[in-house]
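S.K.: This is the structure I have questions about; it appears just below.
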Ligand code: C5P
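In my numbering, the protein residues as written are 1 to 222.
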């Protein structure tokens, strides 16, 4: 089993930017678990599954589905149909963010992804970021962090990120999207977003990414 640096926090707190930077600095692999939930949601949506679909329907739609990371790209594979597609761009829309949050509240979806996430650490040192890294997937992680920021600050970051990708969005939409997802992610019954007692808490609102990075590296002890 490799070393795991587990990072949780709400949307837009800087988790993926910082996870990538830390992974680069330490020579660890980066595990973007949000991408797994997003690619799963994309597959379910395309196959007509809905919020009120039964567990059996969802489980059957997920048979033969694999999500693979290759060179920072995310591939969705359906082994039963010998089909494979680069979905890296498509999973980044606010629509897919919404459906990822809806489907990720379901046990059948979380169970589908749990072992895949743990397997990533079998032979590699990893930086894993998401909503339940420190509490459920890697409760015994080598290092644990909870990154937070004010709602306004997170909405602004999300707005700028999406704009940069050419996605048309207003600041109000970014704020509403973040509020809605946070509410759902924090209040669901299974693996809700919460701060683990032993996770180092950092409020990144008034900090630059460099400052947060330095603080984290210091805490990691490298
Ligand atoms: O982090 P990102 O915004 O890409 O995640 C998309 C959605 O996937 C989150 O809003 C959350 O509902 C879900 N998710 C989750 N557990 C994780 C990572 C993401 O439930 N570990």
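Quick reminder that beta carbons are idealized off the backbone N, C-alpha and C, glycines included.
For a cutoff of 9 Å on Cβ pairs, would you count residue 166 as touching chain D?
M.R.: In the structure shown, chain D cannot be found, because there is only a single protein chain.
S.K.: How long is the line joining the alpha carbons of residue 23 and residue 157, rounded to whole angstroms?
M.R.: So the alpha carbons of these two residues sit roughly 21 Å apart.
S.K.: Going by C-alpha distance, which of 66, 210, 199 is nearest residue 140?
M.R.: For the residues 66, 210, 199, the minimum Cα distance to residue 140 belongs to 199.
S.K.: Can you check DSSP and say which residues form a bridge with residue 41?
M.R.: Answer is none; residue 41 lacks a bridge partner.
S.K.: Enumerate, from N- to C-terminal direction, the unbroken alpha helix (DSSP H) stretches of 4 or more residues contained entirely within the segment 67-131.
M.R.: Complete alpha helix (DSSP H) runs here, min 4: 94-103, 107-119.
S.K.: Pair every Cβ in the segment 1-11 with every Cβ in the segment 112-132, then say whether three or more of these pairs are closer than 8 Å.
M.R.: In short, these stretches touch, since the Cβ pair count reaches three.
S.K.: Can you tell which of 214, 39, 176 has its C-alpha closest to the C-alpha of residue 100?
M.R.: Nearest of 214, 39, 176 to residue 100, Cα basis: 39.
S.K.: Once DSSP output is grouped into helix, strand and coil, what is the label at residue 178?
M.R.: Three-state result, residue 178: helix.
S.K.: Could I get the ranges of all uninterrupted alpha helix (DSSP H) runs contained in the segment 138-210, with 4 residues as the minimum, in chain order?
M.R.: Qualifying alpha helix (DSSP H) stretches, in chain order: 151-164, 171-187.
S.K.: Quick check: does the Cβ of residue 53 come within less than 8 Å of any heavy atom belonging to ligand 1?
M.R.: Checking the Cβ of residue 53 against ligand 1 gives no.
S.K.: In whole angstroms, what separates the C-alpha of residue 204 from that of residue 211?
M.R.: Going from the Cα of residue 204 to the Cα of residue 211 covers about 9 Å.
S.K.: Following the continuous beta strand (DSSP E) through residue 31, name the residue where it begins and the one where it ends.
M.R.: It spans 29-32 - the beta strand (DSSP E) in which residue 31 sits, taken as one unbroken run.
S.K.: Does residue 8 come out as helix, strand or coil in the three-state DSSP assignment?
M.R.: Residue state, collapsed to three classes: strand.
S.K.: Out of curiosity, what's the CA-to-CA distance linking residue 165 and residue 85?
M.R.: About 20 Å.
S.K.: Between 37, 186, 218, 219, which lies nearest to residue 90 when the distance is taken from Cα to Cα?
M.R.: Nearest C-alpha to residue 90: 37.
S.K.: So the alpha helix (DSSP H) residue 59 belongs to, where does it begin and stop?
M.R.: It spans 55-61 - the alpha helix (DSSP H) in which residue 59 sits, taken as one unbroken run.
S.K.: Give the single residue among 132, 102, 114 whose Cα lies nearest to the Cα of residue 8.
M.R.: Nearest C-alpha to residue 8: 132.
S.K.: Ends of the alpha helix (DSSP H) at residue 50?
M.R.: Note, residue 50: premise wrong, no alpha helix (DSSP H); not H, not E.
S.K.: Quick test of your reading: residue 129 and residue 197, contact by CB under 8 Å. State the CB separation rounded to the nearest angstrom.
M.R.: Wrong, their Cβ atoms sit about 19 Å apart, outside the cutoff.
S.K.: Alpha carbon to alpha carbon, how far is residue 175 from residue 152? Give it in angstroms, no decimals.
M.R.: So the alpha carbons of these two residues sit roughly 7 Å apart.
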